[in-house]
Amino acid sequence: MRKPCCEKKGTMNKGAWTKQEDQKLIDYIHKHGEGCWRSLPQAAGLLRCGKSCRLRWVNYLRPDLKRGNFGEDEEDLIIKLHALLGNRWSLIAGRLPGRTDNEVKNYWNTHLRRKLMQMGIDPNNHRPRPAVSVPNKSVGSDHSSTCKPENSQEEEDIGSVLQCSSKPESNTGFLPDLNLELTIGPPLIEERLQLSHIDSTQLSFSNFSTVIS
DNA sequence: AACCGATACAACCGCGACGCC
DNA sequence: TGGCGTCGCGGTTGTATCGGT
1 MRKPCCEKKG TMNKGAWTKQ EDQKLIDYIH KHGEGCWRSL PQAAGLLRCG
51 KSCRLRWVNY LRPDLKRGNF GEDEEDLIIK LHALLGNRWS LIAGRLPGRT
101 DNEVKNYWNT HLRRKLMQMG IDPNNHRPRP AVSVPNKSVG SDHSSTCKPE
151 NSQEEEDIGS VLQCSSKPES NTGFLPDLNL ELTIGPPLIE ERLQLSHIDS
201 TQLSFSNFST VIS
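Below, the structure is given as structure tokens:
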């Protein structure tokens with residue numbers, strides 16, 4: 001049996017954060033910095049579990065968050081990275097300055113999945129879908145087959161994922177060799193600029209958009 | 001104006017990874 | 001080296017808002 005993440009579950013606040021709670025969290029982190037989430041709530045005078053505090057900060061309160069609509073270049077990037085990495089949202093988000101994994105994940109599930117499906121592309125493996133298929137009503141429910149998992153070798157590194165994406169039989173030539181030179185690390189503006197230099201004629205979401213429109 | 005389904009997004013939950021003792 | 005605690009991730013749920021009837 002696993003312990004609940006918070007001992008005093010009954011006394012903990014849940015649900016939407018109030019402005020006062022936000023302010024307490026912001027003030028505390030400004031003073032003491034991030035980290036030690038477990039003890040933070042008590043120290044900051046919050047009736048929340050550390051996990052909840054971390055999530056609130058990371059996904060909503062952090063000052064470097066971009067927020068607002070995703071640009072076309074960001075959409076392109078997410079699609080490309082998802083084709084390579086599957087549902088590794090934190091890795092994908094790491095390539096999008098100012099975006100969080102939760103935000104990217106939500107955006108994918110609500111916008112991009114649907115767009116790809118409308119284009120006749122299977123969002124799970126980024127391959128063209130069989131001509132006629134009953135529209136999958138359950139958006140978000142079919143996460144069974146991303147590029148990564150199925151036949152995995154769980155601990156694929158990014159290099160092998162890259163290989164996976166460039167294997168002709170794994171993509172029926174739909175995705176070109178992207179050679180994104182992915183590495184794990186903090187997002188760098190320069191890197192992102194490099195990524196944006198990928199020949200957009202090879203795999204451009206906006207191109208697809210114009211095709212179907 | 002009221003209802004209802006669809007959509008978007010914030011927040012929660014469970015689990016694995018990792019570090020420390 | 002095994003146990004324990006904490007952190008971070010991905011999947012899922014809850015709810016507010018929007019648009020159509």
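Note that the UniProt record's numbering has the first sequence beginning at 1, numbered continuously upward.
Think of the CB as a built atom: it goes at the ideal place given N, C-alpha and C, for glycine as much as any other residue.
Exercise for the section: Please list, in chain order, all residues of the same chain as V58 whose beta carbon is under 7 Å from its beta carbon, the five residues on each side excluded. Expected result: Here residue 58 refers to the residue found at position 58 when the first sequence is read from its first residue. Hits under 7 Å: T100.
Handout entry: Simplified DSSP assignment, three categories, for D73
Key = What you label residue 73 is simply residue 73 of the first sequence in a count that begins at 1. For D73, the secondary structure class from DSSP, reduced to helix, strand or coil, is helix.
Handout entry: Where D27 sits in the DSSP three-state scheme
Key = Reading the first sequence from its first residue, position 27 is the one you call residue 27. DSSP places D27 within a helical segment (H, G or I) once states are collapsed to three.
Exercise for the section: Determine, using beta carbons only, whether L47 and T18 come nearer to each other than 8 Å. Expected result: What you label residue 47 is simply residue 47 of the first sequence in a count that begins at 1. What you label residue 18 is simply residue 18 of the first sequence in a count that begins at 1. Taking C-beta atoms as the reference points, L47 and T18 fail to come closer than 8 Å.
Problem - DSSP-derived helix/strand/coil call for R99 - result: Counted from its first residue, the first sequence places residue 99 at position 99. Note: R99 maps to coil in three-state DSSP.
Exercise for the section: To the nearest angstrom, report how far apart L96 and C49 are at their CA atoms. Expected result: Against the first sequence, residue 96 aligns to sequence position 96. Against the first sequence, residue 49 aligns to sequence position 49. Distance between L96 and C49, taken at the CA atoms: about 28 Å.
Exercise for the section: Report the three-state DSSP secondary structure of T146 (helix, strand or coil). Expected result: By one-based count along the first sequence, residue 146 stands at place 146. Low per-residue confidence applies at T146: pLDDT is 37, beneath 50, and the placement is therefore not dependable enough to give any value.
Practice task
Confirm, please, whether the CB-CB distance from L55 to L25 is below 8 Å.
Solution key: Along the first sequence, read from residue 1 onward, the residue named residue 25 stands at position 25. Along the first sequence, read from residue 1 onward, the residue named residue 55 stands at position 55. No.
Handout entry: Reduced DSSP secondary structure (H/G/I, E/B, other) of R54
Key = The residue labelled residue 54 in the question sits at position 54 within the first sequence. Residue state, collapsed to three classes: helix.
Problem - Cβ pair count under 8 Å reaching 3, the stretch 71-80 against the stretch 105-114 - result: Taking a contact to require three or more Cβ pairs closer than 8 Å, the stretch 71-80 and the stretch 105-114 qualify as touching.
Handout entry: Inter-residue spacing [alpha-carbon to alpha-carbon] between N136 and C36
Key = Translated into positions along the first sequence, residue 136 becomes position 136. Translated into positions along the first sequence, residue 36 becomes position 36. Note that N136 scores a pLDDT of 41, beneath 50, so its modelled location is shaky and nothing firm can be said.
Exercise for the section: Would you decide whether E34 is buried or exposed? Buried here means 16 or more other CB atoms lie within 10 Å of its CB. Expected result: Here residue 34 refers to the residue found at position 34 of the first sequence. So E34 ends up on the exposed side.
Practice task
Taking 8 Å as the cut-off, decide whether the C-beta atoms of residue 234 and Y28 are in contact.
Solution key: Since the first residue of the chain shown is 1 and the last is 213, residue 234 is not available in this structure.
Problem - Assigned exposure category for P63 - 16 Cβ within 10 Å defines buried - result: The residue you call residue 63 lines up with position 63 of the first sequence. Here P63 is exposed. Its C-beta has fewer than 16 other C-beta atoms within 10 Å.
Problem - Whole-angstrom distance between R38 and F70, CA atom to CA atom - result: Stepping through the first sequence from its first residue, residue 70 is reached at position 70. Stepping through the first sequence from its first residue, residue 38 is reached at position 38. Taken atom to atom, the span from the alpha-carbon of F70 to that of R38 is near 33 Å.
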